[in-house]
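Notes for the one structure printed next.
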Amino acid sequence: MTNPKAQNARILLVDDEPFILEVFGTFLEEEGFEVVLAGGGAEALEVLEQSEVDVIITDLSMPGFDGFGLMNAVAILAPDTPVIVLTGMGTLDNAISAIQHGAYDFITKPVEDLSLFLVPIYRAVEKRRFLKTKALYLEQIERQNRALFRDLEAARRIQACLFERTGGPMDQWLSVTVRYQPADLVGGDFLDILPVDEHRAIFYIADVAGHGVLAAMVTAFAKQTLADVVGRVIARGGEEPSPVRILERLNEEVMAQGFEHEGIPLYLTLFLGVVDRTTGRVVSANGGHVPLPRVVYAEGGMTRLFIKGSPIGLVDDPRWEETTFDLGPGDLLVLGTDGLLEAFGEGRSSLNAEEMDHYLETTPDRDPDTLANGLMGLARNRLQGRPQADDISLMILSLPEHPFPVFQAADPRPRDVVYRSRADGLEMVASANVDTVEEMERITLDFLDRTRVEGDRFTVRLLLREALLNAIRHGAGLDPGQKIQYDLRVRPWHLEMRVQDPGPGFDWKGALASGPDPMAVSGRGLTILKAYADEVIYNAEGNQLTLVVRRGGPTP
Amino acid sequence: MIEMEEREDRVVLRPDFDLVAGKVSEIREAVLRVARRGRKVVLVLGEGLMIDSWGIGVVVGCQKTVQDLGGALTVETSNPSVIDLFELLNLESIITPIRPAAGK
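Dropping the structure here:
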C-alpha cells in the first residue's frame, strides 16, 4: 500500500550500480514515490535540465561526474532541491564532506532496514514542500508588491495632478510660485487658486494628516469637495465669498464621511483666503494649518500671522475666525505645509521654525522664485540625507504690480499719455492737452470702467485726471524717452500716489501754497483733493512726490 | 517606552518618545487600556518631546473614545511649542500647560 505522504513527490535516484537503482527504485515506487533513475552524474544532470524533481538521492563515488560534481550543479540549477547522499560504511568522512558541500542528509549502504531508509527521505520531501510553498508565497508577495508599487506610482502621479492649478483671470494679476517635493510615500498636500470674479481669487493650501494611500484618497475627496463648495459659493453671486463659510461647509462634508484609520481620524488642515487685487486686501481663515502664513514685505522684514482655527474634520465643535490683512505691492505671502517645518525641525513638528523665519527676514532678494528656491534648498540641506517623511509644499503669492495701474507719460513730444494697467494687460494711449478737459475726463472714465475699479471711484478719478494733466504739462519739459511715472495704490479708505518726475521738477509745495484757486493749473488737482478729502498728506522731495488721500474710515 | 503612574482617580502616562507618525499606535493602545478600566487618563508630553499632525489626530481620536467610555483625557506639557500648537488649533480644552520641573 502506498503512503499518501509520498504522493506527488518525485525522486531522482542516482547510482552507477544497477542493482542499487533497481532495489531502491522499486522500494521507493512501492512506497508511492514517482522515481526517476540515473546511472551517473551526467545522466542526472540531463534529467534536471528537462524536469523538476523534489529530492535527489545520489551515490558519491561514481566514475566521471561524481556525487560532489552533481551537488555543485544542483546548487546552481535547483538550489531548493534537497540532496541525500548514499555512502558506503567506513566512508563517513565522505558523508561529512558532502554535508559541508550542502547535502541535506546521508544514508549509509548497505541499508539493513529499508524503513529507516525512508526517514530522511520524507524529511527531505517535507523540506522541499515547505521551500516550494515559501517560494510560491514569495512570488505572490512580489507580484502583489509590484502591483502595489504600480498603484502607488499611479497615486503619486494623480497626486501631482492635484498641484495643477485651475487657472483663470487671476493669472493675469496674481503671481503664484509653487514648489512641491513629494515624500517617498504618497502624501496629502494639495493647493489651488480659484477665480471669484475679475479682481478676486480664492487661494488655499491644505494637508491631510498622515501619509500613504488612505491620506491620498482623503486628499482627492477634499480637493474635489472644496472645489464644489467654492463653486457653489461663487455661483450664488451677490454673496461675499466668506472663508469661514467655506471652511464650515467643507468641514460638514468631511465630518459626514467620518474618515478614520484604526480609530484615528483622518482630518485635514487648510489655510484659505480671498485676495482682492484692487485693494491688496486678503480675507482669510485658518483651518488649523501650520506653518502659519508669513508675509514678507517688499521693503524688508516679515510677519507671522497667528490665525487660530480648528482643523477640518477633527472635532465636533469647530471654531474659525475671519482675519484680514493687506498685501502691498511686491509683498510676498508665503504658505507651506508641515513637511517644510519637519525638514527644519530635524524630523519633528514645531510651530516655530526660527531658521526658516530668519531666512525670510534677512534674505535681501524679494523675488518669489529666488526665495522659493532658497527655502527648498535650505530644507533639503537640513534633511541631510534623513528620509523625507512628509511632502514639502510651498506656495508664494504676490501682487507684483501695484494693485492699481502704473501710469506712464509716453514720449512727451506728441503729448501722448499712456495709461497702463500691467496687471490686466490694459493699455490706452490718448492724445490730449490741458485745454481739452472733456477729452481728459472721457479717457479717465473709460479707463476706470475698463479696469473695473471699485471703492472710492471719485477720488480715483480725480487722481487719474490729475496724473494725466500733470503728465501733459510736464511732458513739455522732458527730454525724448524720459517718462513721468505715477504709481497709484487703492486702499479701502485711502489712496496713495507716488510720482517720479525726471523732468525739471515741480514746486508742489509752492503750488499748493499758491492759493485755493481750483482753476489754477499748478497744484489744481491737489487743491481739489484737499477740498474733497478728509485728509491729504503729501511729501515732496526733489522730483518725487508721495501723496496720501483719505476719505472716510479710520486715520491711516 | 511608556511610564505609567497610578494616582488617586487617574492614570498618568509618560511616553519617552515624540507623538509623531509611526510611533503613536503604542500610545493609543496604552490610553485605551487604561480608559477601559474606567480611569481618567493624563498623557504627559515631557519637555523636549514634540507632536505632529498625526499625533494630534491620535490624541483627539483617543479623547473621543475615552469620553465614550465615560472617562476623560488631558495632555500635560511644559513645551511652549506644543501649547501654542494646541491653542492655534482651538484645542485648548485638551491641553494643560504645566511649569517645567525645577532645576531643568
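Going down the list, the protein sequences come from chains H and X.
Per my numbering, numbering of the first sequence is gapless, rising by one per residue and ending at 556.
Per my numbering, numbering of the second sequence is gapless, rising by one per residue and ending at 104.
Built from N, CA and C at the ideal position, the CB exists for glycine as well.
About 24 Å separates the beta carbon of G258 of chain H from that of D390 of chain H, a gap too long to meet the 8 Å contact definition. Residue pairing for F271 of chain H: DSSP places it in a beta bridge opposite H:I205 and H:N286. Taking C-beta separations shorter than 7 Å and ignoring five residues to either side along the sequence, the partners of L378 of chain H in its chain run Y359, following chain order. Residues of chain H whose Cβ lies closer than 9 Å to the Cβ of A35 of chain X do not exist, since the nearest Cβ in that chain is about 12 Å away.
Residue contact with chain X for I205 of chain H: absent (no Cβ-Cβ distance below 8 Å to any residue of chain X). Counting only Cβ-Cβ distances below 8 Å, G57 of chain X has contacts in chain H at A209, G210, I264, P265, L266, Y267 and L314, in chain order. Contact annotation: V229 of chain H and L250 of chain H have beta-carbon atoms nearer than 8 Å. Just so you know, the alpha carbons of E43 of chain H and E139 of chain H end up roughly 31 Å apart.
Annotation for N286 of chain H: F271, I307 and G309 place their beta carbon closer than 6 Å to its own, counting only its chain and skipping 5 residues before and after. Of all alpha-carbon atoms in H:E355, H:D338, H:A298 and H:G25, the one lying nearest the alpha-carbon of L118 of chain H is that of H:G25.
Taking the C-beta atoms as reference points, D54 of chain H is found nearer than 8 Å to I11 of chain H. In this structure, H:G210 is the residue among H:F33, H:G210 and H:R232 with its C-alpha nearest to the C-alpha of V20 of chain X.
By the Cβ-count criterion, C62 of chain X is buried, with 16 or more other Cβ atoms from all chains shown falling within 10 Å of its own Cβ. Per the coordinates, the alpha-carbon of E299 of chain H lies some 46 Å from the alpha-carbon of A256 of chain H.
Considering only X:D18, X:E3, X:M50 and X:K23, the residue with the shortest C-alpha distance to V42 of chain X is X:E3. Here DSSP, grouped into helix, strand and coil, assigns W320 of chain H to strand.
In the DSSP assignment, no residue is bridged to K132 of chain H.
Residue burial is scored here from C-beta neighbours: Q388 of chain H has at least 16 other C-beta atoms within 10 angstroms and is therefore classed as buried. Linking L333 of chain H to L327 of chain H through their CA atoms gives a straight-line distance of about 8 Å. Contact between L60 of chain H and T87 of chain H holds, with the beta-carbon distance rounding to 5 Å and staying under 8 Å. The Cβ atoms of V36 of chain H and V47 of chain H sit closer than 8 Å to each other.
Contact between V59 of chain X and V75 of chain X is confirmed by a C-beta separation of about 6 Å, below the 8 Å threshold. In the DSSP assignment, E76 of chain X falls within the unbroken beta strand (DSSP E) covering L73 to T77.
Against chain H, the beta carbon of A21 of chain X has neighbours under 9 Å at A209, G210, H211, A389 and D390, listed in chain order. For the 8 Å CB-CB criterion, V196 of chain H and I234 of chain H form a contact. Three or more Cβ pairs closer than 8 Å define a contact, and the region 168 to 176 of chain H falls short of that threshold against the region 122 to 130 of chain H. In chain order, G288, S310 and P311 make up the part of chain H whose C-beta sits under 7 Å from the C-beta of L89 of chain X. By the Cβ-count criterion, L148 of chain H is exposed, with fewer than 16 other Cβ atoms from all chains shown falling within 10 Å of its own Cβ. For a Cβ distance threshold of 8 Å, residue set D52 and S53 of chain X lies close to D338 of chain H, ordered along the chain. D192 of chain H counts as buried, since at least 16 other C-beta atoms from the protein chains shown sit within 10 angstroms of its C-beta.
Rounded to the nearest angstrom, the gap between the Cα atoms of A353 of chain H and P291 of chain H is 8 Å. Contact note: T65 of chain X reaches chain H through G263, using a C-beta cutoff of 7 Å and chain order. Within the region 141 to 158 of chain H, not one residue has a Cβ closer than 9 Å to any Cβ of chain X. Less than 8 Å separates the beta-carbon of E361 of chain H from that of M302 of chain H.
Neighbours of V41 of chain X in chain H, taken as residues at a C-beta separation under 8 Å, are lacking, since the least C-beta distance is about 15 Å. R37 of chain X sits in coil when the DSSP states are folded into three classes, being neither helix nor strand.
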